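A short write-up of the structure that comes next.
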Amino acid sequence: MKRNLTLGLTLALVVLVGLVGLAQNTVTPRSVGVLLFDNETGATISKLAIIFDKPVTIALSDIIAFGGEAATLAAISNNYAFIDVVVVPGGTVQITLRGDSADAKVTSAFWFE
Numbered sequence: 317m318k319r320n321l322t323l324g325l326t327l328a329l330v331v332l333v334g335l336v337g338l339a340q341n342t343v344t345p346r347s348v349g350v351l352l353f354d355n356e357t358g359a360t361i362s363k364l365a366i367i368f369d370k371p372v373t374i375a376l377s378d379i380i381a382f383g384g385e386a387a388t389l390a391a392i393s394n395n396y397a398f399i400d401v402v403v404v405p406g407g408t409v410q411i412t413l414r415g416d417s418a419d420a421k422v423t424s425a426f427w428f429e
């Protein structure tokens with residue numbers, strides 16, 4: 317069961333890497349340590365993909381949507397993060413990086429509908 321979950325997450329992240337080129341909108345965080353991603357797309361967004369400069373650890377409890385719904389998935393593999401979170405136009409997603417991940421820098425991030 318655990319192996320299937322790991323395989324599933326790995327496949328999802330491979331798809332994520334493939335979708336980065338098809339992403340609708342790039343997004344830049346406006347803080348470090350506590351990352352704030354603003355939805356300025358004018359559309360309701362359901363996914364956020366982030367590439368960091370180093371491996372990170374993010375738990376669902378580290379993700380808060382202001383103007384949206386609770387995150388339902390945080391698939392993390394090394395320096396890639398794929399988060400299922402619904403955010404309305406003008407809303408913000410806050411991600412808290414803790415421990416060794418606290419100084420990680422975002423190299424790119426994308427919203428998906």
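Taking this note's numbering, I'd label the letters of the sequence shown as residues 317 to 429. C-beta: ideal position from N, C-alpha, C; glycine also. Source: prediction; values computed, not measured.
Neighbourhood of N394 by C-beta distance below 7 angstroms, restricted to the same chain and skipping five residues each side: Along the sequence shown, one-based indexing puts residue 394 at 78. Once the five neighbours on either side are set aside, the close Cβ partners of N394 are P371.
Find the nearest neighbour of I379 within the set F426, I411, D419, judged by alpha-carbon distance. Here residue 379 refers to the residue found at position 63 of the sequence shown. When the alpha-carbon of I379 is set against those of F426, I411, D419, the nearest one is in I411.
Ignore the nearest five residues each way along the sequence and tell me which others in G407's own chain have a CB closer than 7 angstroms to its CB. Locating residue 407 in the sequence shown gives position 91, where the first residue counts as 1. Closer than 7 angstroms at Cβ, skipping near neighbours: N355, A381, F382, G383, G384.
D369 versus E429, W427, A418, F428, residue with shortest Cα-Cα distance: Mapped onto the sequence shown, residue 369 falls at position 53. It is A418 whose Cα lies nearest to the Cα of D369.
Taking only runs that begin and end inside the segment 368-422, name each unbroken alpha helix (DSSP H) of 4 or more residues, in chain order. If only uninterrupted alpha helix (DSSP H) runs of at least 4 residues are considered, none is enclosed by the segment 368-422.
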